[in-house]
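The opening residue of the sequence shown carries number 420 in our numbering; numbering runs sequentially from there. Glycine residues also receive a C-beta, built at the ideal position from the N, C-alpha and C atoms. Owing to the predicted nature of the structure, the values given are computational and were not obtained by experimental measurement. Encoded as structure tokens, the structure appears first; notes follow it.
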Amino acid sequence: MTQPQHRTASFILTLTITVVAATGLQAQSATPSETKTTELNPSVVTVPFHPTCLAPLRSMPSKLEELTQGPISCNGPYSEEIEIRGQGWIYADHPRTPEGWPTGYVGYLIHQATPVPETNLTSLLLTVVENGGGNADLNSIWHLHHNPMNNTIEPQYSIIGGDRCNAGGMRIHQIKGEVLYYEHAVSPYRLLNIDNVGPPEITQVNQLTRFREGRAWPKNRSRNFLGWPFLRTVSDCYACCAGVVVKKHDLNTHRSTVDRVLINSELTIDDFFERPQLIACAHDWFASIKDMSKQDPSPNGENRIAFTASEWNEKRNELTLACQHVAL
420 MTQPQHRTAS FILTLTITVV AATGLQAQSA TPSETKTTEL NPSVVTVPFH
470 PTCLAPLRSM PSKLEELTQG PISCNGPYSE EIEIRGQGWI YADHPRTPEG
520 WPTGYVGYLI HQATPVPETN LTSLLLTVVE NGGGNADLNS IWHLHHNPMN
570 NTIEPQYSII GGDRCNAGGM RIHQIKGEVL YYEHAVSPYR LLNIDNVGPP
620 EITQVNQLTR FREGRAWPKN RSRNFLGWPF LRTVSDCYAC CAGVVVKKHD
670 LNTHRSTVDR VLINSELTID DFFERPQLIA CAHDWFASIK DMSKQDPSPN
720 GENRIAFTAS EWNEKRNELT LACQHVAL
């Protein structure tokens, strides 16, 4: 899975910031003018608040108490321009250094906006991407209450992801009642050690629940698949994405379980294993997981091979039988 590109557009339009009465969302421009020339998709995108307002949220837990004391103002002032990019992402670049070096950006995509009954608030479900100026795009999912009357937000819960193949690349699939389905990227190492991904770190202060996906990992990696060493065995670098896991997240209990595993169809056995002994013993097993009859197209057009959680456990058992006698 890939994140929306930082600079994408097919043409230039004038973005007019508007108010959508149906949802109670009040847009805010980055400058006093209400029109801005920017890169824009053909669809109309409403901006409820400036993206920079979200930047402090990832600084928790150091500011967790501060962020739960009351509404957070999104009135600025902000010098960063708002840009609408591919798929309706709302972005703002952080100011450059005095030498002109980029310092990153913050952006969000609205998945759901609904009125909160008997209030002036709007309930927003967002995917957020943040970059500090390097290669790492850090992802998170947020449930916020937005007050369009004074342009404030109140965080309700968050699912904090990681960097690229380390629980990055988050995307919301759908919401069914009180269950949120979302995906995040995984390396081959995480795919084989998928039962190690949990329980996640959960922090609760006042009304805010923080669910940290990126830290859901044994500190000493003592439960490695077949007891294989962590290093130089199965790929686990930040750029070694083998696919994604789709999680079912209960919005009442804030517990997640693996729903599906989606393997990149172009993944090779050399991308997966780093030792010749494993490449040899896993040859037939790896061919069996590249079952093109199980392809599941992603929203960005990539073909991925889908397994249910139980099917993937069966595949791991098959690899155990094929490689359990290999000495590393």
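| Chain-order list of residues whose beta-carbon lies under 8 Å from that of Tyr-600 (same chain, five-residue window excluded) | On the sequence shown, residue 600 is found 181 positions in, with the first residue counted as 1. Cβ-Cβ distances below 8 Å link Tyr-600 to Ile-591, His-592, Gln-593, Ile-594, Val-665, Lys-666, Lys-667, His-668 and Asp-678 in the same chain, with the five nearest sequence neighbours on each side left out; the list follows chain order.
| From what residue to what residue does the alpha helix (DSSP H) around Gln-696 run? | Reading the sequence shown from its first residue, position 277 is the one you call residue 696. That run of the alpha helix (DSSP H) goes 695-700.
| query | Does any C-beta atom of chain B lie closer than 8 Å to the C-beta of Pro-475? | reply | Reference to chain B is not applicable here, since this structure consists of a single protein chain.
| request: Tell me whether Gln-506 sits in a helix, a strand or coil according to DSSP, three-state version. | output: Working through the sequence shown from its first residue, we reach residue 506 at position 87. Gln-506 sits in a helix when the DSSP states are folded into three classes.
| message | Considering only DSSP beta bridges, list what Ser-707 is partnered with. | response | Start at 1 with the first residue of the sequence shown, and residue 707 comes out as number 288. Bridge partners of Ser-707: none, in fact.
| Are Leu-681 and Asp-655 touching if we call contact CB-CB under 8 Å? | The residue labelled residue 681 in the question sits at position 262 within the sequence shown. The residue labelled residue 655 in the question sits at position 236 within the sequence shown. No, the Cβ-Cβ distance between Leu-681 and Asp-655 is not below 8 Å.
| said: Less than 8 Å between the C-beta atoms of Pro-467 and His-562, yes or no? | reply: Position 48 of the sequence shown, counted from the first residue, corresponds to residue 467. Position 143 of the sequence shown, counted from the first residue, corresponds to residue 562. No. Outside cutoff.
| task | For Asn-585, verify whether its CB is less than 7 Å away from any heavy atom of the ligand SAM. | result | With respect to small molecules bound, the structure shown includes none, and the ligand SAM cannot be examined in it.
| message | Please report the straight-line C-alpha distance between Asn-460 and Ile-509, rounded to a whole angstrom. | response | Counted from its first residue, the sequence shown places residue 460 at position 41. Counted from its first residue, the sequence shown places residue 509 at position 90. For Asn-460, the predicted model reports a pLDDT of 39, less than 50, meaning its position is unreliable; a value from the coordinates is still stated below. Cα to Cα, the separation comes out at about 11 Å.
| Grouping DSSP H, G and I as helix and E and B as strand, with all else coil, what is Glu-730? | Within the sequence shown, the letter at position 311 stands for residue 730. Judged by DSSP in its simplified three-state form, Glu-730 adopts helix.
| query | In terms of DSSP beta bridges, what is Ile-572 paired with? | reply | Position 153 of the sequence shown, counted from the start, is the residue given in the question as residue 572. In the DSSP output, where bridge partners are listed per residue, Ile-572 has Ile-491 and His-565.
| If you drop the 5 nearest sequence neighbours on each side, which residues of the same chain put their C-beta closer than 6 Å to that of Ser-492? | Taking the sequence shown and counting its residues from 1, one reaches residue 492 at position 73. Closer than 6 Å at the Cβ level, and outside the excluded window around Ser-492, lie Thr-571.
| request: Report the residue from Pro-514, Gly-489, Gly-588 and Gly-505 whose alpha carbon sits nearest the alpha carbon of Tyr-497. | output: Your numbering for residue 497 matches position 78 in the sequence shown. When Pro-514, Gly-489, Gly-588 and Gly-505 are compared, the shortest CA-CA separation from Tyr-497 is found for Pro-514.
| request: Kindly indicate which three-state DSSP category Glu-537 falls into: helix, strand or coil? | output: The count along the sequence shown starts at 1 and reaches residue 537 at position 118. DSSP places Glu-537 in coil when its eight states are reduced to three.
| query | Where DSSP assigns a beta bridge to Glu-549, which residues make up the other side? | reply | On the sequence shown, residue 549 is found 130 positions in, with the first residue counted as 1. In the DSSP output, where bridge partners are listed per residue, Glu-549 has Val-525 and Leu-557.
| So, using beta-carbon positions, are Val-653 and Leu-611 closer together than 8 Å? | Within the sequence shown, numbered from 1, the residue matching residue 653 stands at position 234. Within the sequence shown, numbered from 1, the residue matching residue 611 stands at position 192. Between Val-653 and Leu-611, the gap from beta carbon to beta carbon is short of 8 Å.
| field | Those residues which DSSP pairs with Gly-662 across a bridge | value | By 1-based counting over the sequence shown, the position of residue 662 is 243. Gly-662 is bridged to Val-605 and Ile-682.
| When DSSP labels each residue in this structure, what does Arg-590 get in the three-state scheme? | As a working note, residue 590 is residue 171 in the sequence shown. Under the three-state reduction of DSSP, Arg-590 is assigned to strand.
| request: Give me whichever residues DSSP pairs with Ser-577 in a beta bridge. | output: Here residue 577 refers to the residue found at position 158 of the sequence shown. Partner(s): Trp-561 and Arg-629.
| Beta-bridge pairing of Tyr-600 - partner residues as DSSP gives them | Stepping through the sequence shown from its first residue, residue 600 is reached at position 181. Under DSSP, Tyr-600 shares a beta bridge with Gln-593 and Lys-667.
| query | Could you give the distance in angstroms between the alpha-carbon of Leu-544 and the alpha-carbon of Gly-588? | reply | The residue labelled residue 544 in the question sits at position 125 within the sequence shown. The residue labelled residue 588 in the question sits at position 169 within the sequence shown. Distance between the alpha carbons of Leu-544 and Gly-588: 17 Å.
| field | Distance CB(Asn-683)-CB(Arg-723) smaller than 8 Å | value | For the purposes of this step, residue 683 is identified with residue 264 of the sequence shown, where counting begins at 1. For the purposes of this step, residue 723 is identified with residue 304 of the sequence shown, where counting begins at 1. In contact: Asn-683 and Arg-723 (Cβ atoms closer than 8 Å).
| message | In the DSSP assignment, the beta strand (DSSP E) including Asp-715 goes from what residue to what residue? | response | Sequence index remark: in the sequence shown, residue 715 carries index 296 (1-based). Counting along the chain, Asp-715 sits inside the beta strand (DSSP E) bounded by residues 714-716.
| Helix, strand or coil at Arg-651 according to DSSP, with G and I counted as helix | To locate residue 651, count along the sequence shown from 1; it is residue 232. Annotated three-state conformation of Arg-651 is coil, per DSSP.
| said: Rounded to the nearest angstrom, what separates Thr-727 and Arg-504 at their Cα positions? | reply: Walking along the sequence shown from the start, residue 727 turns up at place 308. Walking along the sequence shown from the start, residue 504 turns up at place 85. If I take the Cα positions, the gap works out to 33 Å.
| field | Short Cβ contact (8 Å threshold) for Cys-660 with Arg-583 | value | Working through the sequence shown from its first residue, we reach residue 660 at position 241. Working through the sequence shown from its first residue, we reach residue 583 at position 164. In this structure, Arg-583 lies closer than 8 Å to Cys-660 by Cβ.
| task | Would you decide whether His-744 is buried or exposed? Buried here means 16 or more other CB atoms lie within 10 Å of its CB. | result | Looking up residue 744 in the sequence shown gives position 325. With fewer than 16 other Cβ atoms inside 10 Å of its own Cβ, His-744 counts as exposed.
| query | By how many angstroms is the C-alpha of Pro-534 removed from the C-alpha of Leu-540? | reply | Indexing the sequence shown from 1 puts residue 540 at position 121. Indexing the sequence shown from 1 puts residue 534 at position 115. Each residue's CA atom was taken as its position, placing Leu-540 and Pro-534 some 6 Å apart.
| field | Identity of the residues DSSP links to Asn-643 by a beta bridge | value | Indexing the sequence shown from 1 puts residue 643 at position 224. Listed as beta-bridge partners of Asn-643 by DSSP are no residues whatsoever.
| message | Tell me the rounded alpha-carbon separation between Gln-575 and Tyr-524. | response | In the sequence shown, residue 575 corresponds to position 156, counting from 1. In the sequence shown, residue 524 corresponds to position 105, counting from 1. It is roughly 23 Å from the alpha-carbon of Gln-575 to the alpha-carbon of Tyr-524.
| query | Cβ atoms of Ser-577 and Phe-630: under 8 Å apart, would you say? | reply | Here residue 630 corresponds to residue number 211 of the sequence shown, with the count starting at 1. Here residue 577 corresponds to residue number 158 of the sequence shown, with the count starting at 1. Cβ atoms of Phe-630 and Ser-577: closer than 8 Å.
| Count the other CB atoms within 10 Å of the CB of Ser-712; is the residue buried (16 or more) or exposed (fewer)? | Here residue 712 refers to the residue found at position 293 when the sequence shown is read from its first residue. The C-beta of Ser-712 has fewer than 16 other C-beta atoms within 10 Å across all chains shown, which makes the residue exposed.
| query | Where does Ser-675 land, buried or exposed, given buried means 16+ other C-beta within 10 angstroms? | reply | Along the sequence shown, one-based indexing puts residue 675 at 256. Using a 10 angstroms sphere on the CB of Ser-675, the tally of other CB atoms reaches 16 or more, which defines it as buried.
| query | DSSP on Asn-612, reduced to helix/strand/coil? | reply | Residue mapping note: residue 612 aligns to position 193 of the sequence shown, counting from 1. In this structure, Asn-612 counts as coil in the three-state DSSP scheme.
| From this set, Gly-519, Gly-646, His-702 and Ile-560, which residue's C-alpha is nearest Glu-531's C-alpha? | Position 112 of the sequence shown holds residue 531. The residue asked about is misnamed: residue 531 is Gln in this sequence, not Glu. Considering only Gly-519, Gly-646, His-702 and Ile-560, the residue with the shortest C-alpha distance to Gln-531 is Ile-560.
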